[in-house]
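Just so you know, the sequence shown maps onto residues -18 to 160 in our numbering.
All remarks here apply to the structure that follows.
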Amino acid sequence: MSTPVEIVLIVAAVGYVLIRRLAGDVAEAKRMLLLPAILTVIGLSDVDESLKTATSVAFLVGTLAVSVLFGVLRGASIRLYQQDGVAHMRYTWLTIALWVLNVGAKVGANLLLGLITGIASGGNGVMLTIGVGILAEGVVVLARAVRTDGRIVWKKGEDGKAHTTSPFLDDLQARMTRR
(Lines of atoms letter the chains of each structure in order from A and count residues from 1; the text may use other names and numbers.)
(Lines give C-alpha, C1' and ligand atoms only; values in the text may rest on other atoms or scores of the structure.)
Protein backbone atom coordinates (compact mmCIF):
# COMPACT_ATOMS: atom_id res chain seq x y z
CA MET A 1 0.00 0.00 0.00
CA SER A 2 1.39 3.43 -0.85
CA THR A 3 2.15 5.83 1.95
CA PRO A 4 -0.33 8.54 0.80
CA VAL A 5 -3.18 6.00 0.71
CA GLU A 6 -2.15 4.69 4.13
CA ILE A 7 -2.05 8.22 5.56
CA VAL A 8 -5.54 9.00 4.23
CA LEU A 9 -6.91 5.74 5.68
CA ILE A 10 -5.30 6.41 9.07
CA VAL A 11 -6.49 10.02 9.24
CA ALA A 12 -10.00 8.96 8.18
CA ALA A 13 -10.17 6.12 10.71
CA VAL A 14 -8.81 8.17 13.61
CA GLY A 15 -10.95 11.18 12.67
CA TYR A 16 -14.06 9.01 12.50
CA VAL A 17 -13.33 7.52 15.92
CA LEU A 18 -12.56 10.91 17.48
CA ILE A 19 -15.66 12.68 16.17
CA ARG A 20 -18.08 9.90 17.12
CA ARG A 21 -16.62 9.35 20.53
CA LEU A 22 -16.23 13.03 21.43
CA ALA A 23 -19.93 13.52 20.82
CA GLY A 24 -20.81 10.49 22.93
CA ASP A 25 -22.18 7.32 21.45
CA VAL A 26 -23.53 3.89 22.27
CA ALA A 27 -20.83 1.55 23.60
CA GLU A 28 -21.06 -0.64 20.51
CA ALA A 29 -18.83 -3.69 20.84
CA LYS A 30 -18.66 -4.46 17.11
CA ARG A 31 -17.39 -0.98 16.28
CA MET A 32 -14.89 -1.02 19.14
CA LEU A 33 -13.41 -4.31 17.96
CA LEU A 34 -13.95 -4.56 14.18
CA LEU A 35 -12.38 -1.29 12.93
CA PRO A 36 -9.20 -1.77 14.97
CA ALA A 37 -8.98 -5.41 13.89
CA ILE A 38 -9.21 -4.36 10.23
CA LEU A 39 -6.54 -1.67 10.72
CA THR A 40 -4.33 -4.21 12.47
CA VAL A 41 -4.66 -6.79 9.68
CA ILE A 42 -3.95 -4.17 7.00
CA GLY A 43 -0.99 -2.98 9.07
CA LEU A 44 0.33 -6.52 9.43
CA SER A 45 0.12 -7.09 5.68
CA ASP A 46 2.12 -3.91 5.04
CA VAL A 47 4.73 -4.11 7.78
CA ASP A 48 7.16 -6.51 6.08
CA GLU A 49 8.29 -3.78 3.68
CA SER A 50 9.72 -1.68 6.51
CA LEU A 51 11.40 -4.41 8.58
CA LYS A 52 14.86 -4.55 7.07
CA THR A 53 17.03 -4.49 10.21
CA ALA A 54 16.96 -5.73 13.79
CA THR A 55 16.79 -2.09 14.87
CA SER A 56 13.62 -1.48 12.85
CA VAL A 57 12.05 -4.64 14.33
CA ALA A 58 12.95 -3.46 17.84
CA PHE A 59 11.46 -0.04 17.13
CA LEU A 60 8.26 -1.60 15.79
CA VAL A 61 7.92 -3.83 18.87
CA GLY A 62 8.60 -0.81 21.09
CA THR A 63 6.05 1.39 19.34
CA LEU A 64 3.50 -1.44 19.47
CA ALA A 65 4.02 -1.66 23.24
CA VAL A 66 3.69 2.12 23.58
CA SER A 67 0.51 2.10 21.46
CA VAL A 68 -1.01 -0.65 23.60
CA LEU A 69 -0.12 1.33 26.74
CA PHE A 70 -1.70 4.50 25.33
CA GLY A 71 -4.75 2.47 24.24
CA VAL A 72 -5.18 1.11 27.76
CA LEU A 73 -4.80 4.61 29.24
CA ARG A 74 -7.31 6.04 26.74
CA GLY A 75 -9.74 3.22 27.54
CA ALA A 76 -9.45 4.05 31.23
CA SER A 77 -9.98 7.79 30.58
CA ILE A 78 -13.21 7.41 28.59
CA ARG A 79 -16.38 8.41 30.42
CA LEU A 80 -18.98 5.63 30.56
CA TYR A 81 -22.60 6.51 31.26
CA GLN A 82 -26.02 4.97 30.90
CA GLN A 83 -28.77 6.37 28.69
CA ASP A 84 -32.12 4.61 28.20
CA GLY A 85 -30.68 1.47 29.81
CA VAL A 86 -27.83 1.26 27.29
CA ALA A 87 -24.12 1.82 28.00
CA HIS A 88 -22.71 4.91 26.28
CA MET A 89 -19.17 6.27 26.07
CA ARG A 90 -17.64 9.69 25.56
CA TYR A 91 -14.06 10.80 25.05
CA THR A 92 -12.72 13.29 27.60
CA TRP A 93 -10.07 15.93 27.08
CA LEU A 94 -7.60 13.57 28.75
CA THR A 95 -8.44 10.98 26.09
CA ILE A 96 -7.66 13.52 23.35
CA ALA A 97 -4.40 14.48 25.07
CA LEU A 98 -3.44 10.80 25.20
CA TRP A 99 -4.18 10.50 21.45
CA VAL A 100 -1.89 13.47 20.74
CA LEU A 101 0.87 12.00 22.91
CA ASN A 102 0.45 8.61 21.21
CA VAL A 103 0.79 10.08 17.72
CA GLY A 104 3.72 12.23 18.87
CA ALA A 105 5.48 9.18 20.32
CA LYS A 106 5.05 7.25 17.05
CA VAL A 107 6.28 10.15 14.91
CA GLY A 108 9.22 10.69 17.28
CA ALA A 109 10.13 7.00 17.22
CA ASN A 110 10.04 6.95 13.41
CA LEU A 111 12.22 10.07 13.22
CA LEU A 112 14.68 8.55 15.69
CA LEU A 113 14.74 5.29 13.73
CA GLY A 114 15.45 7.29 10.57
CA LEU A 115 18.36 9.05 12.27
CA ILE A 116 19.81 5.80 13.61
CA THR A 117 19.49 3.74 10.42
CA GLY A 118 19.74 6.54 7.87
CA ILE A 119 16.62 5.21 6.15
CA ALA A 120 13.37 7.17 6.03
CA SER A 121 10.87 5.23 8.10
CA GLY A 122 7.74 7.34 7.97
CA GLY A 123 5.41 4.41 7.38
CA ASN A 124 7.04 1.92 9.74
CA GLY A 125 3.99 0.05 11.00
CA VAL A 126 1.83 3.14 11.54
CA MET A 127 -1.43 1.42 10.64
CA LEU A 128 -0.50 -1.61 12.73
CA THR A 129 0.31 0.47 15.82
CA ILE A 130 -2.82 2.62 15.47
CA GLY A 131 -4.98 -0.50 15.04
CA VAL A 132 -3.44 -2.26 18.04
CA GLY A 133 -3.84 0.88 20.17
CA ILE A 134 -7.51 1.33 19.27
CA LEU A 135 -8.10 -2.38 19.88
CA ALA A 136 -6.53 -2.13 23.36
CA GLU A 137 -8.73 0.92 24.04
CA GLY A 138 -11.85 -0.98 22.96
CA VAL A 139 -11.02 -4.00 25.10
CA VAL A 140 -10.53 -1.78 28.19
CA VAL A 141 -13.79 0.09 27.54
CA LEU A 142 -15.69 -3.19 27.10
CA ALA A 143 -14.09 -4.60 30.26
CA ARG A 144 -15.27 -1.52 32.15
CA ALA A 145 -18.69 -1.48 30.50
CA VAL A 146 -19.53 -5.09 31.41
CA ARG A 147 -19.27 -4.05 35.05
CA THR A 148 -22.02 -1.43 34.65
CA ASP A 149 -25.78 -1.77 34.57
CA GLY A 150 -26.05 -0.28 31.06
CA ARG A 151 -26.65 -2.89 28.37
CA ILE A 152 -23.80 -3.32 25.93
CA VAL A 153 -24.92 -3.64 22.34
CA TRP A 154 -23.12 -5.56 19.64
CA LYS A 155 -24.46 -3.38 16.82
CA LYS A 156 -26.39 -0.16 17.11
CA GLY A 157 -29.84 -0.19 15.52
CA GLU A 158 -30.19 1.96 12.41
CA ASP A 159 -33.24 3.98 11.36
CA GLY A 160 -35.14 3.37 14.59
CA LYS A 161 -34.54 -0.39 14.59
CA ALA A 162 -33.62 -2.16 17.82
CA HIS A 163 -30.00 -2.63 18.80
CA THR A 164 -28.46 -6.05 18.18
CA THR A 165 -27.09 -7.64 21.32
CA SER A 166 -24.63 -10.43 21.90
CA PRO A 167 -25.55 -13.41 24.10
CA PHE A 168 -21.87 -13.72 25.01
CA LEU A 169 -21.66 -10.09 26.19
CA ASP A 170 -25.02 -10.34 27.96
CA ASP A 171 -23.85 -13.44 29.84
CA LEU A 172 -20.49 -11.88 30.66
CA GLN A 173 -22.16 -8.72 31.93
CA ALA A 174 -24.62 -10.72 34.04
CA ARG A 175 -21.75 -12.62 35.65
CA MET A 176 -19.70 -9.46 36.25
CA THR A 177 -22.51 -7.44 37.80
CA ARG A 178 -23.55 -10.26 40.17
CA ARG A 179 -20.34 -9.87 42.16
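Just so you know, even glycine gets a beta-carbon here, dropped at the ideal spot from N, CA and C.
Bear in mind the structure is a predicted one, so any value in this text is a computation, not a measurement.
Per DSSP, which one or two residues make a beta bridge with residue i?
i           : result
residue 62  : 69
residue 132 : 67
Could you tell me which of the options sits nearest to residue i, measuring between CA atoms?
i          : options           : result
residue 52 : 77, 97, 147       : 77
residue 46 : 146, 110, 5, -7   : 110
residue 39 : 106, 84, -10, 81  : 106
residue 69 : 108, 139, 130, 79 : 130
residue 2  : 24, 75, 88        : 75
Alpha carbon to alpha carbon, what distance is there between residue j and residue i?
i           : j           : result
residue 12  : residue -2  : 9 angstroms
residue 61  : residue 33  : 42 angstroms
residue 141 : residue 67  : 15 angstroms
residue 132 : residue 151 : 8 angstroms
residue 123 : residue 10  : 7 angstroms
residue 65  : residue 7   : 10 angstroms
residue 156 : residue 63  : 19 angstroms
Which whole-angstrom value describes the C-beta separation of residue i and residue j, a residue pair presumed to lie in contact below a C-beta threshold of 8 angstroms?
i           : j           : result
residue 112 : residue 44  : 12 angstroms between Cβ atoms; not a contact.
residue 154 : residue 127 : 4 angstroms
Near residue i, which residues of its chain fall below 8 angstroms by C-beta distance, leaving aside the five closest residues on each side in sequence?
i          : result
residue 73 : 58, 59, 60
Quick one: residues in its chain with C-beta nearer than 6 angstroms to the C-beta of residue i, no 5 flanking neighbours on either side, listed in chain order?
i           : result
residue -15 : none
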